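All remarks here apply to the structure that follows.
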Amino acid sequence: MDEQGKIISSCDVDSNLALQIWTRGKTPRLSVLNKNKNSRKLIHLSWIEKRDRTLSINGKKPGENISYTAGNFEPAIQKILADFYAKTNFKLKYLKLVIDLEKALHHPEPVSNPSEFALMSEDKRSSLWVADCSQGDRKSGVFRPFFLVTKSEAAVLSEEKLKISSITARGIDSLIKTGVINELKKINPERWHNTIRVTAAAMLLGFSYCGSDGSKMADSLWLAGEKPKNLNPNVIVQKIPEKKIALNDPALVKLGQKLTAFVRHYYMFNKIKISYESDSEKNLQEAGFERSRRIDFNAGTLGDVPYRVTFYENSEQGITAFNCNPRMATARHTGDMLIKIPTEIYKAALKANTMGGSEDDFFTISRLLWARQFGEWYLNLKPFVKKFAGLIDLNQGEKKS
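What the sequence shown shows, in our numbering, is residues 47 to 447, in sequence order.
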């Protein structure tokens, strides 16, 4: 322990290196300790997300250099994070964030007029639930799922169970009281339970927000509900107020969009293939794909720059391809981003992303890409937090039926 913070847990990687969790009341840091030199470096936990990332330290002998990959650190990270969970107030903050995040994810968007379904706003179309009170009586209606479901999931989503009895019963608390969210967790915990818990752990621990920097938001979550140090005994210090979690918060919007896209397209995300190619158009045509049309995407939708997306079809293979050409230089990849998905799956996604309105390629392509990106991020982080996050690992994720 020192003036700046304290070490909560430590684990030797070998005789040369130890990993530690260090904190001073905000988002914890990973401390990399070179035991040979007794030198320490603090880094964000997001550093270890790239398993092939290399760390080199000086050895005991002059000129000796020892290299590790982030993947070598997985067992040690699991241990020190589990210790951190047990020895600090992280557990309380984590469990509260799980509840808040679940409420934000399932927050139903109200619809009072049938015409709204034909041209839904971005917020309403991005939600997983609609509080449909459009059938003449604004005080009553039904919660409608706005995501693709299996037969097992559909069995617990009956209109009788999801009825809205009054204008004050259209919110998330009323949806929770129906019990359907807990039923969905039992049917497929990987989709409805584990996803939220891994996301909440990542948000608090200093991992990336699905590739974006969330350090400021993470610090605010740690400080919420705490009293700042009182430097003047004559002044009454108030607690920092808790912040309500909303997926459309500017600090959370990208993570929220990707989380929702993943849950919505859970049974599709692993069917999406992404590659990066310099001669993608030529390769597609040689593989029997035919070009059909193009759509332009603004910066911030598919990446940090604008993209021109060209549609390709291979009817013989039953594959739809989207050749995404960056219109400006991007550091995220070289060449074009090529997305391939079975045509049948893509058509099902188009249908699932509308509720009486017209099918929207722009909306669906972006959501499928986000679902794939979130799925990769989620599966990458899951091993680091599985020892303490309360995950259900029953291999119950059912196939699309």
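Built from N, CA and C at the ideal position, the CB exists for glycine as well. Keep in mind it's a predicted model, so treat the numbers as computed, not measured.
- Task: For residue 247, collect the residues of the same chain with a Cβ closer than 7 Å to its Cβ; drop the 5 residues on either side in sequence, then sort them by chain order.
- Result: The count along the sequence shown starts at 1 and reaches residue 247 at position 201. For residue 247, where only same-chain residues beyond five positions count, the Cβ hits under 7 Å are 140, 431 and 435.
- Take the Cβ of residue 253 as the centre, count every other Cβ of all protein chains shown within 10 Å, and call the residue buried at 16 or more, exposed below. The count along the sequence shown starts at 1 and reaches residue 253 at position 207. Buried, since its Cβ has 16 or more Cβ neighbours within 10 Å.
- Task: Name the residue from 74, 92 and 59 whose alpha carbon lies nearest to the alpha carbon of residue 82.
- Result: In the sequence shown, the residue the question calls residue 82 occupies position 36. The candidate whose alpha carbon is nearest that of residue 82 is 59.
- Message: If you follow the beta strand (DSSP E) that residue 247 is in, where does it begin and where does it stop?
- Response: Position 201 of the sequence shown, counting from 1, holds the residue named residue 247. No beta strand (DSSP E) holds residue 247; the alpha helix (DSSP H) holding it covers 241 to 251.
- Query: Thinking C-beta only, is residue 237 closer than 8 Å to residue 312?
  - Reply: Within the sequence shown, the letter at position 266 stands for residue 312. Within the sequence shown, the letter at position 191 stands for residue 237. Their beta carbons are under 8 Å apart, which means residue 312 touches residue 237 by this criterion.
- Name the DSSP beta bridge partners of residue 175, please? As a working mapping, residue 175 is identified with position 129 in the sequence shown. Paired residue(s): 191.
- Task: Measure the C-alpha to C-alpha separation of residue 327 and residue 377 and round it to an integer number of angstroms.
- Result: Here the question's residue 327 lines up with position 281 in the sequence shown. Here the question's residue 377 lines up with position 331 in the sequence shown. Using only the alpha carbons, I get a separation of about 21 Å.
- Three-state secondary structure assigned by DSSP to residue 123: Taking the first residue of the sequence shown as 1, we reach residue 123 at position 77. Of the three classes helix, strand and coil, the one that applies to residue 123 here is helix, per DSSP.
- Task: Tell me, to the nearest whole angstrom, how far the beta carbon of residue 212 is from that of residue 185; I am working on the premise that it is less than 8 Å.
- Result: Here residue 212 refers to the residue found at position 166 of the sequence shown. Here residue 185 refers to the residue found at position 139 of the sequence shown. Going by Cβ atoms, the distance from residue 212 to residue 185 rounds to 6 Å, so yes, they are a contact pair.
- Query: With which residues is residue 355 paired in a DSSP beta bridge?
  - Reply: Here residue 355 is taken as the residue at index 309 of the sequence shown, counted from 1. DSSP output for residue 355 lists 341 and 370 as bridge partner(s).
- Would you list the residues sitting across from residue 113 in a DSSP beta bridge? Taking the first residue of the sequence shown as position 1, residue 113 is located at position 67. Note: residue 113 sits in a beta bridge opposite 102.
- Message: Please list the terminal residues of the continuous beta strand (DSSP E) segment that includes residue 386.
- Response: One-based indexing of the sequence shown puts residue 386 at position 340. Per DSSP, residue 386 belongs to the beta strand (DSSP E) from 382 to 388.
- Task: Could you spell out the range, first to last residue, of the alpha helix (DSSP H) harbouring residue 410?
- Result: The residue you call residue 410 lines up with position 364 of the sequence shown. 407 to 431 is the extent of the alpha helix (DSSP H) around residue 410.
- Query: Which whole-angstrom value is the C-beta distance of residue 340 and residue 356, which I expect to be below 8 Å?
  - Reply: Taking the first residue of the sequence shown as 1, we reach residue 340 at position 294. Taking the first residue of the sequence shown as 1, we reach residue 356 at position 310. Confirmed, about 5 Å.
- Task: Put residue 86 into one of helix, strand or coil per three-state DSSP.
- Result: Start at 1 with the first residue of the sequence shown, and residue 86 comes out as number 40. In the structure shown, residue 86 sits in a strand (DSSP, three-state: E or B).
- In angstroms, rounded to a whole number, what distance separates the CA positions of residue 390 and residue 397? Position 344 of the sequence shown, counted from the first residue, corresponds to residue 390. Position 351 of the sequence shown, counted from the first residue, corresponds to residue 397. Going from the Cα of residue 390 to the Cα of residue 397 covers about 11 Å.
- Can you pull the DSSP bridge partners for residue 80? The residue given as residue 80 occupies position 34 in the sequence shown. Paired residue(s): 63 and 85.
- Message: By alpha-carbon positions, which one of 262, 379 and 420 ends up nearest to residue 296?
- Response: Mapped onto the sequence shown, residue 296 falls at position 250. When each option's Cα is compared against that of residue 296, the closest is 262.
- How do the segment 300 to 316 and the segment 400 to 416 stand: do at least 3 beta-carbon pairs fall below 8 Å, yes or no? yes
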